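Add 10 to a position in the first sequence, counting from 1, and you land on the number used in our numbering. Quick reminder that beta carbons are idealized off the backbone N, C-alpha and C, glycines included. Remember, predicted model here, so these are calculated numbers, not experimental data. Worksheet: the structure to be examined is printed underneath.
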Amino acid sequence: MEAENKVTEAAESMNFLEKIIEDDLAAGRVPDGVVVTRFPPEPNGYLHIGHIKSICINFGLAQKYRGRCHLRLDDTNPAKEDVEYIDSIKRDIKWMGFDWGIHEYYASDYYDQLYEIAVRLIKEGKAYVDSLTPEQVKEYRGTLTQPGKNSPDRERPIEENLRLFEEMRQGKHPEGRYLLRAKLDMASPNINMRDPALYRIKFESHPRTGNKWCIYPMYDFTHPISDAIEGITHSICTLEFEDHRPAYDWATSIDGIEHAPHQYEFARLNINYFVMSKRKLLQLVKLGLVDGWDDPRMPTISGIRRRGYSPESMRDFVKRVGVAKVESVVDFSLLEFCVREDLNKRARRVMVVLDPIKLVIDNYPEGKTEMVEADNNPEDENAGKRLVPFSRELYIEREDFAVNPPKGYHRLYIGNEIRLKHAYYVTATSYETDADGNVTLVHCTYDPESRGGASADGRKVKGTSHWVSVHDAISAEIRQYDKLFSAEDPGAKTGNYLDDLNPDSLKVVTCAKLESSLRDARPGEYLQFMRSGYYMADSKDSRPDHLVFNRTVTLKDSWEKMKQKMGLK
RNA sequence: UGGGAUGUAGUGUAAUGGUAACACUGCAGAUUCUGGUUCUGCCUUUGGGGGUUCGAAUCCCUCCAUCCCAGCCA
11 MEAENKVTEA AESMNFLEKI IEDDLAAGRV PDGVVVTRFP PEPNGYLHIG
61 HIKSICINFG LAQKYRGRCH LRLDDTNPAK EDVEYIDSIK RDIKWMGFDW
111 GIHEYYASDY YDQLYEIAVR LIKEGKAYVD SLTPEQVKEY RGTLTQPGKN
161 SPDRERPIEE NLRLFEEMRQ GKHPEGRYLL RAKLDMASPN INMRDPALYR
211 IKFESHPRTG NKWCIYPMYD FTHPISDAIE GITHSICTLE FEDHRPAYDW
261 ATSIDGIEHA PHQYEFARLN INYFVMSKRK LLQLVKLGLV DGWDDPRMPT
311 ISGIRRRGYS PESMRDFVKR VGVAKVESVV DFSLLEFCVR EDLNKRARRV
361 MVVLDPIKLV IDNYPEGKTE MVEADNNPED ENAGKRLVPF SRELYIERED
411 FAVNPPKGYH RLYIGNEIRL KHAYYVTATS YETDADGNVT LVHCTYDPES
461 RGGASADGRK VKGTSHWVSV HDAISAEIRQ YDKLFSAEDP GAKTGNYLDD
511 LNPDSLKVVT CAKLESSLRD ARPGEYLQFM RSGYYMADSK DSRPDHLVFN
561 RTVTLKDSWE KMKQKMGLK
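This is the structure:
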């Protein structure tokens, strides 16, 4: 009940985009009252957590106002784009739980219309074919502080422009020879308005249009017109496009374009200890520093999925981050909080001993195995129970026994009684060590009256350990991931983000002992290894005969601090 | 040094002229068959300076800081 109230309260607080939409709706500025947004990725790479924010905003807004959100692949640069990316983008959006229905569009769908509009602009004297070289174009553009100057071709006769543009389309001119430009204002303080390029020549085969075109429209021309064609009401993008808004408004006000959508900008998502730029992510992959785009340490959606983050937790994260225009850096701990909060409710609890030592119960019958009942999830009464084999010889966590227990240590030590989770109370009696003095085995006795983990006389113990029966244990490879970078802002100090790579971002545990129910673990199932963290079987490498688990996130760990206080570390 | 934007606890986000708040983090404590969860409490905030006003995070002026823009990328 209380949780519901909180949600309601949070929903009452609107972000600036919601305010704009509600104002527009109230003022009747939205045709038929149907809000139409779009998510427009360029298919030139894998989607990452930054895109998750955009996906949630665009699809979320459409959902909230009962409108629709289009998926539009912004495929106007065939040199950089690939179908491989289109497939991954669609898969990732679906995984996030959003659906564009029939509204799957491509900027390339509009090439014919775009071409016609360009021709019309030429006819109206509003666009011209420029023969300046790329270097000259740059030179003529001026600088941030100095105005540009007009190209000598700016006053080229309309007929000649028409002929040249047609020849460009027919492939009669090499790349870079000509450029179709809008005739705006070379002296504009906004560089984007200094006669922006509309079309460039590119002899590049397109994934969808093949070799039909050898001229391709530029973003500033394509995007606003695509929005207009699709009837987008609110075109939402990131802050760096603010300077392009005048160009956007120019394009949507071209004669003959009926519908004039508006562009709004929000701050992109930044998270400390992460790099988000496609260039850097690509470099990490190419240098082999990670195991591909879907490495569980990568901030890509495919990496996040493989690591075991849930889409629900990602949506919650975006909601908590909020939407604003301030450039900000969200704390990684918020992400982890959201993941833990969601997984706590749904992850099946299992017992896994990561760093085992043997525990022998001297007064427990040899050769006997009994099944103890264990909750699958104490947070979910519908999760049911399972039976776990218990016997005389068990594995427990090395950390759960101390020869010289410091004050505050309430795990196993000689003379101390603890509970074996779901099973019995045991009291340590002696231990054995190897030549180096490392504990190899602990002897204990158990209280047969404490079956199920509670004693008949009601006495309490302070510690509870998880365990795995030696005879029934299975093995697996466990990959414990940590931050990929050890600096909040990778590269801030040295200028090279690779200098801040965390050398310990992956630790592989091979000696772990797992309860036998994990034999059937499959990718997609959320697991909690009790007292350790959340884990998921690896979708790439885990096989029935060689199980591999990825650590999604550790449990919140106050034990680490405790250890420091006690001088154990 | 042109243009565009943005400054609210450590972090993120609310409050649009009327008692500055929520979440995360951190720190205490309680509960607990996970040193998890849950619960309670605490810490810390309007970039600076002026002005308008009974009253300013909010309006005005000014200064400062930060981010974005000079692709035939998106």
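Element boundaries [beta strand (DSSP E), containing residue i]
i      : result
Ile211 : Ala207 to Ile211
Cys247 : His244 to Thr248
Pro227 : Ile225 to Pro227
Gln490 : Glu487 to Tyr491
Gln538 : Leu537 to Phe539
Val518 : Leu516 to Val519
Tyr115 : Glu114 to Tyr116
Arg356 : First-last for Arg356: Phe342 to Arg356, but that is the alpha helix (DSSP H), not the beta strand (DSSP E).
Ala192 : Leu189 to Ala192
Ile428 : Glu427 to Leu430
Three-way DSSP call (helix, strand, coil) for residue i in this model
i      : result
Lys573 : helix
Pro51  : coil
Ser440 : strand
Lys368 : strand
Ala21  : Bear in mind that a pLDDT of 47 at Ala21, under 50, signals an unreliable position, so the number given afterwards is only what the model happens to contain. Helix at Ala21.
Phe108 : coil
Glu12  : A caution first: Glu12 carries a pLDDT of 32, below 50, which makes its placement in the model unreliable, though a value can still be read off. Here Glu12 sits in helix by DSSP.
Thr143 : coil
Gly38  : coil
Gly313 : helix
Met546 : strand
Gly43  : helix
Gly60  : helix
Asn202 : helix
His556 : strand
Leu422 : strand
Gly220 : strand
Glu165 : helix
Ala531 : coil
Glu337 : coil
Ile67  : helix
Phe26  : helix
Ile235 : helix
Leu508 : helix
Arg78  : strand
Thr262 : helix
Ala72  : helix
Ala137 : strand
Ser475 : strand
Beta carbon of residue i nearer than 9 Å to that of residue j
i      : j      : result
Thr243 : Val93  : no
Lys472 : Ile428 : yes
Gly158 : Ala197 : yes
Asn280 : Gly60  : yes
Trp477 : Phe539 : no
Arg317 : Tyr56  : no
Val331 : Lys63  : yes
Pro53  : Leu83  : yes
Tyr456 : Val480 : no
Val360 : Ser323 : no
Contact belief for residue i with residue j at Cβ below 8 Å, rounded distance in angstroms
i      : j      : result
Phe411 : Val449 : 6 Å
Tyr544 : Leu353 : 5 Å
Asp259 : Asn202 : 11 Å between Cβ atoms; not a contact.
Asp390 : Arg356 : 7 Å
Arg164 : Lys133 : Their Cβ separation, rounded to whole angstroms, is 16 Å, which puts Arg164 and Lys133 out of contact at 8 Å.
Residue interval of the alpha helix (DSSP H) (run including residue i)
i      : result
Asn171 : Ile168 to Arg179
Arg130 : Tyr121 to Lys133
Glu322 : Pro321 to Val331
Arg289 : Lys288 to Lys296
Residues sharing a beta bridge with residue i, DSSP
i      : result
Cys454 : Ile371 and Ala438
Asp385 : Lys395
Phe276 : Thr248
Glu380 : Phe400
Phe411 : Leu422
Leu578 : DSSP output for Leu578 lists no bridge partner at all.
Thr564 : Gly543
Check: residue i C-beta below 8 Å from any heavy atom of the ligand SAH
i      : result
Pro162 : For the ligand SAH, the structure offers nothing, since it holds no ligand at all.
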